[in-house]
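*Asks:* For the protein sequence lines, the chains are A and F, in the order given. Heads up, our numbering is the position in the first sequence plus 18, with the first residue counted as 1. Heads up, our numbering is the position in the second sequence plus 6, with the first residue counted as 1. Beta carbons: idealized from backbone N, C-alpha and C, even for Gly. One structure, pasted below without further comment.
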Amino acid sequence: MEPVTVKGISKCFGTITAVEPLTFSIRKGEVLGLIGENGAGKTTTMRMMATILKPSTGEIRINGYCVQKEAMAVRTQIGILFGGDVGMYNRLTARENIAFFGTLYGLAGMELNKRIDDLADMLEMGAFIDRRVGPFSRGMKQKVAIARTLVHDPQVILLDEPTTGLDVSAAVIFRQLITTMRQAGKTILFSSHNMGEIEKLCDRVAIMHKGKLLFHGTIPALRAKSSIHDLDDLFVHLVTGGKPIE
Amino acid sequence: MSSRHVWMMFQKELLDIWRDTKTWIAALVIPFLVIPSIIYLMTQSISNVEQEARAYVPIVITGDTSQGLVAHLQKEPGVKLLTAADPIQAVKEGAARAVIMIPPKLDQALRQGALVNMEVWYDAANQKSVYARELIEKSVRTYEEGIVSKRLEAAGLTSAAMHPISLSVSNLASQERVSGSMLASIVPLMLMLALASGGIPVATDIVAGEKDRGTLETLITAPVSAQSILTAKLLTVMTMGLVSSLASGASLMWVLRMQPKEGEKLTISFLQPESAVLLLGTLVLLSAFFAAVELCLSTIARSPREAHIYMTPVAFLALIPSYLIMPLTPADIPFAYYLLPIFNGAALLKEIFYGQIEPWHVLIVLSTSLLYVVLTISLAAALFRREGLLVK
Ligand SMILES: Nc1ncnc2c1ncn2[C@@H]1O[C@H](COP(=O)(O)OP(=O)(O)OP(=O)(O)O)[C@@H](O)[C@H]1O
Ligand SMILES: [Mg+2]
Chain A
19 MEPVTVKGIS
29 KCFGTITAVE
39 PLTFSIRKGE
49 VLGLIGENGA
59 GKTTTMRMMA
69 TILKPSTGEI
79 RINGYCVQKE
89 AMAVRTQIGI
99 LFGGDVGMYN
109 RLTARENIAF
119 FGTLYGLAGM
129 ELNKRIDDLA
139 DMLEMGAFID
149 RRVGPFSRGM
159 KQKVAIARTL
169 VHDPQVILLD
179 EPTTGLDVSA
189 AVIFRQLITT
199 MRQAGKTILF
209 SSHNMGEIEK
219 LCDRVAIMHK
229 GKLLFHGTIP
239 ALRAKSSIHD
249 LDDLFVHLVT
259 GGKPIE
Chain F
7 MSSRHVWMMF
17 QKELLDIWRD
27 TKTWIAALVI
37 PFLVIPSIIY
47 LMTQSISNVE
57 QEARAYVPIV
67 ITGDTSQGLV
77 AHLQKEPGVK
87 LLTAADPIQA
97 VKEGAARAVI
107 MIPPKLDQAL
117 RQGALVNMEV
127 WYDAANQKSV
137 YARELIEKSV
147 RTYEEGIVSK
157 RLEAAGLTSA
167 AMHPISLSVS
177 NLASQERVSG
187 SMLASIVPLM
197 LMLALASGGI
207 PVATDIVAGE
217 KDRGTLETLI
227 TAPVSAQSIL
237 TAKLLTVMTM
247 GLVSSLASGA
257 SLMWVLRMQP
267 KEGEKLTISF
277 LQPESAVLLL
287 GTLVLLSAFF
297 AAVELCLSTI
307 ARSPREAHIY
317 MTPVAFLALI
327 PSYLIMPLTP
337 ADIPFAYYLL
347 PIFNGAALLK
357 EIFYGQIEPW
367 HVLIVLSTSL
377 LYVVLTISLA
387 AALFRREGLL
397 VK
């Protein structure tokens, strides 16, 4: 059974339908790219997978646990990173921020410290790991947030626009990290507005538009849909329903 | 709910607050600076005005200044005679405190047994002028008594003929009880205000603020239950309310210790160990109630700003019952007050400081308070579990 299966989930906020019934799955060791315009429903979908929002219909299973019925078990399986401004406890140091989440997942002592040091090495945060995060730049905070997401070594990783705010070298480090995690057999859902990044990292992509899933498959399969070479143009072609771009 | 999770989160909240100077200023410096200053200023300005009023009493005497009363007035401590072109204006301007008009040939008229009218002008809006008037009245009365006793003597009577009854009055209240009743009127108000307002900045920050910063969203994806998160936050807000009210109490004790040695002193020696425990219990229950109410408001709020607007009335809410109860003695507190939220705590605080604790009331207040705490915490828990209220 695939680690992530999403079956017919939808989400309504009052009269607004943010996500229409959606079905996809992610395999072990796979990176699925989630693409869509602003407001397409990517964050809403991830929030449902992360047990924050309850789907209006459908079912999500993560490593066999039902998101709606076994929320606590699901939470131990996942690590999630939200896009936008990165929220941190500003008066705590980077290490304290990461350690706090580590303890909530049951880590402690030497094991936790070693894990934090490894993550700090991987993300090149050694220089500021023991400083308070308040004055950090957006990219520095993003690195701390990534470490916080991965501290408990989750099997399923949900990343909502994780590279926003990272400089070029940090983005490169991050991509290497994703590659490493994929090799370690993690299951990753990754949303981005950067098609180049998606192409480099993802095995398959899911394209959402106005709450609907327009495409779910490999990049070669996506390319086969049209003769347009540029992926950005191809994406626009797809979401505008084949109408020419003005 | 996991007590380990609660403890981890509670520790983190305290560490976070510990490093936030602004919160400490709100929670500690205000009780330690503002309360003593207010009490100091109040007692100082009252005694200063009094001292000044006594030390120098400039009055204007008009009319026949050759009379014996003038010398008698001059003997009063602090009295200085002034001359003024317009004596009434001088009183209005504050240069003179009062004006007395002595009728011509006063002494002669009195010897003849006539009834004389004398006029005094003063400024009732000026505390020092009021004192000058009292001094003049007192002085005129003693002058009058001298004349009366001479008349009685002439008629072959003693002054006992005029005042056949002598009255001796004794105060039954100990100094402790006097202190208690004075403290019982102001301290519950102060403690209540500190309990309610001490937790507000933190309550705003740890739900509405965290929602705004996105940290709460991350927290609820961790394997911790909503109850654990709420419990940790409740304990944090309670801690701040209690710290703030204990700081107010400590600051009050410090002020009491600083009082001058002589004269009437306020003490808290009437507080027995049992009543101190009861006091602490009441404060804990009240702080839990306020913390739960504040967390509810912070959860409903869509932004820290909105939370702040919702919280402002909480401090008022805390003040109204204490204010209504302030002038009452425990015997006068209506029974309904022991049942209503906040009122019940304020009423019990009053009894504790008054030293008249009614066990029956203790039972009612503690059980109703517990009920209100359970209800508000359940409401907060329901809001916490409500989808979407913890994310922006
Ligand atoms: N809590 C909510 N209440 C009401 N409507 C919401 C809520 N959350 C999201 N929506 C609506 O759902 C739709 C999808 O929003 P969502 O945040 O999932 O988009 P997104 O694909 O993540 O966009 P972006 O690329 O800008 O991050 C939008 O129309 C949004 O206004
Ligand atoms: Mg989004």
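1. For A:Gly156 and F:Gly215, I'd like the C-alpha separation in whole angstroms.
2. Measure the beta-carbon distance from A:Lys29 to A:Glu77 and round it to whole angstroms, keeping in mind my assumption that it falls under 8 Å.
3. Please list, in chain order, the chain A residues whose beta carbon lies closer than 8 Å to that of F:Met14.
4. Please list the terminal residues of the continuous beta strand (DSSP E) segment that includes F:Leu262.
5. Leaving aside the five residues before and after F:Ile94 along the sequence, list all residues of the same chain whose C-beta is less than 7 Å from its C-beta, in chain order.
6. Going along the region 207–225 of chain F in order, which residues come within less than 7 Å of chain A, judged by CB to CB distance?
7. Let me check you understand the geometry: is the CB of A:Lys60 closer than 6 Å to at least one non-hydrogen atom of ligand 2?
8. From the DSSP output, in three-state form, read off A:Ala188 for me.
9. Answer yes or no: the CB of F:Ile306 versus the heavy atoms of ligand 1, is any distance below 6 Å?
10. Can you pull the chain A residues whose beta carbon is under 7 Å from the beta carbon of F:Arg25, in chain order?
11. Measuring only the C-alpha atoms, how far is A:Phe192 from A:Val174?
12. Select from A:Leu50, A:Asp185, A:Met128, A:Arg113 the residue whose C-alpha is nearest the C-alpha of A:Arg150.
13. At what residue ranges does the region 39–75 of chain F contain a whole run of the beta strand (DSSP E), taking only runs of 3 or more?
14. Is the number of C-beta pairs between the region 367–376 of chain F and the region 329–347 of chain F that are closer than 8 Å three or more?
15. Give me the DSSP bridge partner(s) of A:Ile27.
16. Where does A:Gly214 fall in DSSP's three states?
17. Using only the heavy atoms of ligand 1, determine whether one of them is closer than 6 Å to the beta carbon of A:Ala224.
18. Is A:Phe233 helix, strand or coil when you go by DSSP?
19. Helix, strand or coil for F:Cys302 per DSSP?
20. Three or more C-beta pairs closer than 8 Å, one from the region 118–130 of chain A and one from the region 203–210 of chain A: is that the case here?
21. Measuring straight from C-alpha to C-alpha, what distance separates A:Arg241 and A:Gly235?
22. Is it true that the CB of F:Ser251 sits closer than 7 Å to the CB of F:Leu289?
23. Which residues in the same chain have their Cβ closer than 8 Å to the Cβ of F:Cys302, if we skip the five residues on either side of it in sequence?
24. Any heavy atom of ligand 1 inside 6 Å of the beta-carbon of A:Asn212?
25. Using beta carbons (cut-off 7 Å, strictly below), is A:Ile164 in contact with chain F?
26. Buried or exposed, going by whether 16 or more other CB atoms sit within 10 Å of the CB of F:Glu268?
27. Quick one: is the Cβ of A:Gly57 within less than 6 Å of any heavy atom of ligand 1?
28. Does the distance from the CB of F:Gly69 to the CB of F:Met107 come in under 7 Å?
29. Cutting at 8 Å between CB atoms, please list the residues of its own chain near A:Lys243, excluding the five before and the five after it.
*Replies:* To lay it out plainly:
1. Checking the displayed sequence, the identity of residue 156 of chain A turns out to be Arg instead of Gly. Between A:Arg156 and F:Gly215, the C-alpha separation is close to 19 Å.
2. About 13 Å separates the two Cβ atoms, so there is no contact after all.
3. Phe118, Thr121, Leu122
4. No beta strand (DSSP E) holds F:Leu262; the alpha helix (DSSP H) holding it covers 232–263.
5. Val105, Trp127
6. Arg219, Gly220, Thr221, Glu223, Thr224
7. yes
8. helix
9. no
10. Arg109
11. 17 Å
12. A:Arg113
13. 63–69
14. yes
15. A:Leu40
16. helix
17. no
18. strand
19. helix
20. no
21. 10 Å
22. yes
23. Thr382, Leu385, Ala386, Leu389
24. no
25. no
26. Because F:Glu268 sits at a pLDDT of 49, beneath the cut-off of 50, its placement in the model cannot be relied upon, and the following sentence gives the value as read from the coordinates. F:Glu268 comes out exposed.
27. yes
28. yes
29. Phe233, Leu252, Leu256
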